[in-house]
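This note's numbering puts the first residue of the sequence shown at 203, with every later residue one more than the last.
Glycine included, C-beta positions come from ideal geometry on N, C-alpha and C.
Only a predicted model underlies this, so the values are computations on that prediction, with no experimental measurement involved.
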Amino acid sequence: MRLTFPILTLSHGGAQRMLVELTNGLTAMGHQVTILMPVDGVVSYDIRSTIIRSAYMDLQEQDYPSGDVIVSNFHTTVPTSQAASNQGKGIHVRLSLCYEPPFLPDSSLSFPSYHVTEYLIVLSHWQQELIRLNHGITGNIVPVGISSSFKNMKIRHSLQEPLNITAILRKTEPGFSWHREQDYLIEQLDDVKEQYPYVNINFISPPDEFNSSEALQKLKATGKYRFFTPANDEELCYHYNGADIFVSSSIFDTGSLPGLEAMRCGAALVCVYSGGNMEYTNHEKNCLLSYRYENRLGEDVIRLIRDPNLRTKLAAQGERSSHKWTWANSVRLFEQAIRDFLLKKRLTQKWSLLLSLSIDARRHPITIPKYPVEIGVASEPGLLCDSL
203 MRLTFPILTL SHGGAQRMLV ELTNGLTAMG HQVTILMPVD GVVSYDIRST IIRSAYMDLQ
263 EQDYPSGDVI VSNFHTTVPT SQAASNQGKG IHVRLSLCYE PPFLPDSSLS FPSYHVTEYL
323 IVLSHWQQEL IRLNHGITGN IVPVGISSSF KNMKIRHSLQ EPLNITAILR KTEPGFSWHR
383 EQDYLIEQLD DVKEQYPYVN INFISPPDEF NSSEALQKLK ATGKYRFFTP ANDEELCYHY
443 NGADIFVSSS IFDTGSLPGL EAMRCGAALV CVYSGGNMEY TNHEKNCLLS YRYENRLGED
503 VIRLIRDPNL RTKLAAQGER SSHKWTWANS VRLFEQAIRD FLLKKRLTQK WSLLLSLSID
563 ARRHPITIPK YPVEIGVASE PGLLCDSL
């Protein structure tokens, strides 16, 4: 298949990670994958597909190559994807990596973008139901996966460090990260540190975000926290492996990948319900989970500090349960969803053609000669019916 993915940026992040894994995986399967990016689009990952760039800051419909499928994602990629699809450059499939209207600006634009195409892929049952209720479309589920780079290196004991409590901290400027509840996260971990001053509080940030964020740099300057800025999966895996407890405070995520990666690396997970993380979390079975209104994040961390047996149990079960989440499975399900959409499109076109022929036949009926037939073969209507 020939697939075109309009992508605005491939900087470090969960959504970008999924786009990279899907496009690389489809390319490895033999599909012809083209990534269309703006002239200034950032690429922070190893890309094995073909990248073409628009001459402009914003993608234009004429930038799209001809193909079988166009896969839009963020709502701003939808209009040009549909326009290119209308020109015959492929059917338009929406890969919704996040449901934008409730938590991002411009909901007056992002909400109706879900009415543009019926072919929809989502990441979780929670997201699927949310969109079905709001728009009447039931998307095909393609879950997130975990890179084979992430594994339990079993180095925690050999590090000989105090108990490490680790979380992801993202750039807050220009204000699109409120759903991560980072102020709440810092407040709760400060309370933990006050009660247990010997523990380490660690924050992991993408290097490009840390280097451009005055807020993150000020936090580091306080000396209260250790900051790690891993440049690749190997470094990120090491820092996950250094964490005894991994904490996630996000309240609105379709996939919530970091918690799953940390579980694979052997950390005990403490998290807030975010919707998408219900795909892999099970309270007191493989993590400790609370709803935001319970205001219990710090208490759950302290519970694991005080109860090392529970911490070990949750970490072990979390690691075991994480093994079914692979990118190979995600790519396989994505490819199947695309094939299903193409088949549905072909069947719809054939049905439309048959329907139009039927309507045309009613408008221009064929005249059938009346009996008796003069060709001398049969003079009884029943004989002619038997021969049809």
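Asked                                                                                                               : Found
Within 8 angstroms, strictly: CB atoms of residue 452 and residue 476                                               : yes
Beta-carbon gap between residue 278 and residue 294 smaller than 8 angstroms                                        : no
Contact with chain B by residue 533, beta-carbon distance below 8 angstroms                                         : Absent here is chain B; the protein component of the structure consists of one chain.
Status (buried if at least 16 other CB within 10 Å, exposed otherwise) for residue 506                              : buried
Backbone CA spacing between residue 596 and residue 313 [nearest angstrom]                                          : Since the first and last residues shown for the chain are 203 and 590, residue 596 lies out of range.
Residue 371 versus residue 463 - alpha carbon distance                                                              : 15 angstroms
DSSP beta-bridge partners of residue 206                                                                            : 236 and 272
Neighbourhood of residue 287 by C-beta, 7 angstroms cutoff - its chain only, sequence neighbours within 5 removed   : 272, 293 and 294
Identity of the residue in 421, 395 and 290 nearest residue 406 by Cα                                               : 421
Residue 357 classed as buried or exposed, judged by whether at least 16 other C-beta atoms fall within 10 angstroms : exposed
8 angstroms CB neighbourhood of residue 285 in its chain, flanking five on each side removed                        : 263
Three-pair Cβ contact test at 8 angstroms for the region 321-333 versus the region 396-412                          : no
C-alpha distance - residue 551 paired with residue 290, whole-angstrom precision                                    : 14 angstroms
Proximity below 8 angstroms, CB of residue 624 to CB of residue 207                                                 : Nothing about residue 624 can be reported from this structure: the residues present for the chain run from 203 to 590 only.
Candidates 245, 526 and 503, of which the one nearest residue 402 by Cα                                             : 503
Under the three-state DSSP convention, the category residue 217 falls into                                          : helix
Straight-line Cα distance separating residue 473 from residue 461                                                   : 8 angstroms
Straight-line Cα distance separating residue 341 from residue 573                                                   : Low confidence applies here, because residue 573 scores a pLDDT of 47, under 50, leaving its location unreliable and the question unanswered by this model.
Cβ pair residue 447, residue 513 closer than 8 angstroms                                                            : yes
CB contact flag (residue 211, residue 243, <8 angstroms)                                                            : yes
Residue burial classification, residue 254 (beta-carbon count within 10 angstroms, cutoff 16)                       : exposed
8 angstroms contact criterion, which residue 325 and residue 536 should meet: CB distance rounded                   : Their Cβ separation, rounded to whole angstroms, is 11 angstroms, which puts residue 325 and residue 536 out of contact at 8 angstroms.
Range of the contiguous alpha helix (DSSP H) that encloses residue 327                                              : 327-337
Distance, residue 269 Cα to residue 204 Cα                                                                          : 5 angstroms
Reference residue 321; option with closest CA among 353, 343 and 328                                                : 343
Residue 337 and residue 454 closer than 8 angstroms at C-beta                                                       : no
Distance CB(residue 229)-CB(residue 213) smaller than 8 angstroms                                                   : no
Segment limits, alpha helix (DSSP H) that includes residue 508                                                      : 499-508
Distance between beta carbons of residue 465 and residue 521, contact taken as under 8 angstroms                    : 6 angstroms
Exposure label - residue 553; buried when at least 16 CB within 10 Å                                                : exposed
Residue 477 (DSSP reduced to helix, strand or coil)                                                                 : strand
Residue 406, DSSP secondary structure in three states                                                               : strand
Proximity of residue 352 and residue 467 at Cβ, strictly below 8 angstroms                                          : yes
Supposed contact pair residue 484 and residue 458 - C-beta distance, whole angstroms, cut 8 angstroms               : With 8 angstroms as the limit, residue 458 and residue 484 do not qualify as a contact, their Cβ atoms being about 14 angstroms apart.
Distance between beta carbons of residue 369 and residue 449, contact taken as under 8 angstroms                    : 4 angstroms
Rounded distance between the beta-carbons of residue 215 and residue 529, thought under 8 angstroms                 : Between residue 215 and residue 529 the Cβ distance is about 16 angstroms, and since that is not below 8 angstroms, they are no contact.
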